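Read through the structure below, which is laid out as structure tokens, and then see the notes.
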Amino acid sequence: MGNQSSKINIQNKKKQDAVIKSSTSISTNIGSIASSRRSSITEFFAKRKQSIASIMKKEEDIKEHDREQRQHYLLKNVRKGNTRTLLDSPKRIVESGIGNGIWVLEMATQYPDAQVIGLDLKLPDIQLSNQTFYRANIIETWPIEPDSVDFLFQRNMVTCLQKDHWIHVFSEMFRVLKPGGSLELIEQDPLHHNPGPVLQALHAFYKEQFNQTKIDWELSTLQDALSQIGFIDIELITIDIPIGEWPTESDQKQFGFMNKDIQKAFLKNKKNEYMQRWGMSSVDYDVAVGEVCDEFEEYQSFTRVNCWMAKKPVY
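What follows is the structure, encoded as structure tokens:
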């Protein structure tokens with residue numbers, strides 16, 4: 001009887017040990033699985049965060065692309081065409097700093113027999129058969145041979161170039177143009193005219209930024225630089241475009257509506273950059289943008305577009 005009881009205790013102990021080993025094994029497996037899942041979840045959210053950041057950046061690029069597109073069509077309507085210069089069967093057209101590429105695309109369509117060249121650090125996806133794009137920094141030597149271009153166009157580069165870069169850029173323009181070739185340069189005053197108090201405060205930030213980056217925000221050197229390089233027949237035309245629907249004339253009211261939308265989009269697209277640079281909260285920035293948009297109407301603000309036209313002399 002004692003031996004039988006001993007056998008039963010031994011058997012029970014073996015069963016208990018087996019259960020403990022089994023529990024330990026299960027616990028280890030669960031821990032391993034949990035650890036693996038934690039790793040997978042961490043990896044998932046890390047990738048998702050990168051993906052979201054990529055999507056957000058892409059969305060910002062798309063929004064800025066759309067704004068540039070609207071700005072292009074506003075300028076085209078105001079100026080009644082893509083150029084003020086009359087072009088007679090040009091063989092080679094160049095745009096320096098192509099942005100989203102809409103101008104070179106339309107010029108390539110309008111002049112199918114011309115070679116249309118675009119220079120920029122970032123190139124567009126769409127390219128027609130008569131288009132050529134060069135990934136180039138325009139403050140360096142251009143990948144274009146001398147005396148080979150009939151018409152050269154550049155716009156909206158004033159905040160991209162430092163004051164001492166303009167001489168080099170104009171020198172390259174002069175070099176690649178044919179004798180008798182034409183240049184057209186379009187730049188908007190970086191600061192709005194007739195600003196209200198909130199916009200004046202933003203202008204103070206802009207001026208500080210421009211001075212730090214050595215930007216010629218007053219456009220004070222361009223005319224003299226063109227003449228210094230050797231261009232002739234230099235002509236400057238200025239066009240004022242209202243911001244808002246304050247004009248009484250129907251066409252100006254329409255231009256103002258478009259321009260206000262463009263200015264608002266610019267401020268919204270720059271939100272993250274300006275919040276960080278100016279130390280503003282999201283709420284404060286949104287309030288400031290709303291106030292600025294109201295001031296456009298109240299103070300009858302406008303943007304000024306400067307268009308320089310010049311020629312390379314015939315020797």
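Residue numbers (the UniProt record's numbering): 1 to 315. Yeah, the Cβ is synthetic: ideal placement off N, Cα and C, and Gly gets one too. Source: prediction; values computed, not measured.
Distance, residue j Cα to residue i Cα
| i | j | result |
| --- | --- | --- |
| Glu140 | His168 | 8 Å |
| Val94 | Ile229 | 19 Å |
| Ala114 | Leu86 | 15 Å |
| Cys160 | Ile234 | 23 Å |
| Arg84 | Leu222 | 19 Å |
| Gln300 | His192 | 10 Å |
| Gln252 | Leu75 | 13 Å |
| Met107 | Leu152 | 12 Å |
| Lys80 | Val289 | 31 Å |
| Arg304 | Pro190 | 9 Å |
| Met275 | Ser281 | 6 Å |
| Ser96 | Trp166 | 12 Å |
| Asp61 | Val198 | 27 Å |
| Trp278 | Phe210 | 14 Å |
| Val287 | Asn272 | 14 Å |
| Tyr134 | Leu128 | 14 Å |
| Ile232 | Pro143 | 24 Å |
| Tyr73 | Met157 | 18 Å |
| Val314 | Lys207 | 40 Å |
| Leu202 | Gln162 | 21 Å |
| Glu249 | Asn77 | 15 Å |
| Asp216 | Lys58 | 30 Å |
| Ile138 | Met173 | 10 Å |
| Thr238 | Leu185 | 12 Å |
| Ala310 | Ile126 | 30 Å |
| Cys293 | Lys214 | 28 Å |
| Arg67 | Leu267 | 11 Å |
| Ala204 | Val283 | 20 Å |
Cβ shell of residue i (< 6 Å), same chain only, five flanking positions each side left out
| i | result |
| --- | --- |
| Ile98 | Val104, Gly118 and Asp120 |
| Phe296 | Ile243, Gly244 and Lys260 |
| Glu291 | Val198 |
| Pro124 | Gly101 |
| Arg155 | Ile186 |
Residue range of the beta strand (DSSP E) that includes residue i
| i | result |
| --- | --- |
| Lys178 | Leu177 to Gln188 |
In DSSP terms, what residue i is bridged to
| i | result |
| --- | --- |
| Lys311 | Ser182 and Ile232 |
| His193 | Phe302 |
Contact set for residue i: own chain, Cβ-Cβ below 7 Å, skip 5 residues either direction
| i | result |
| --- | --- |
| Val149 | Arg92, Val94, Val176, Leu177, Lys178 and Gly181 |
| Phe170 | Ala225, Leu226 and Ile229 |
| Glu64 | Asn269 |
| Trp246 | Gly256, Glu297 and Gln300 |
| Asn194 | Tyr299, Gln300, Ser301 and Phe302 |
| Thr132 | Gln115 and Ile117 |
| Asp240 | Phe302 and Arg304 |
Residue i: CB within 7 Å of a non-hydrogen atom of the ligand ZN
| i | result |
| --- | --- |
| Tyr73 | Questions concerning the ligand ZN fall outside what the structure shown contains, since it holds no ligand whatsoever. |
Endpoints, alpha helix (DSSP H) assigned at residue i
| i | result |
| --- | --- |
| Gly256 | Ser250 to Asn269 |
Cutoff 8 Å; reference residue i; Cβ partners in own chain excluding five residues on either side
| i | result |
| --- | --- |
| Arg70 | Met258, Asp261, Ile262 and Ala265 |
| Pro112 | Asn130 |
| Pro146 | Arg175 and Val176 |
| Ile30 | Residue confidence is low: Ile30 scores 41 on pLDDT, short of 50, so the model does not pin down where it sits. Its coordinate-derived value is still stated next. Excluding residues within five positions, none has a Cβ falling inside 8 Å. |
| residue 316 | Residue 316 lies beyond the range of the chain shown here (1 to 315); nothing can be said about it. |
List in chain order: all unbroken alpha helix (DSSP H) runs of 4+ residues lying wholly within the UniProt domain "Methyltransferase" (93–181). Taken in chain order, the unbroken stretches of alpha helix (DSSP H) that lie wholly in the UniProt domain "Methyltransferase" (93–181) and span 4 residues or more are 102–110 and 166–176.
Output the residue ranges of the beta strand (DSSP E) runs that lie fully inside the region 199–244 and measure 3 residues or longer, sorted by chain position. Here the runs fully enclosed are 232–242.
Which runs of the beta strand (DSSP E), 3 residues or longer, sit entirely within the region 65–90? For the region 65–90, not a single whole beta strand (DSSP E) run of length 3 or above is found.
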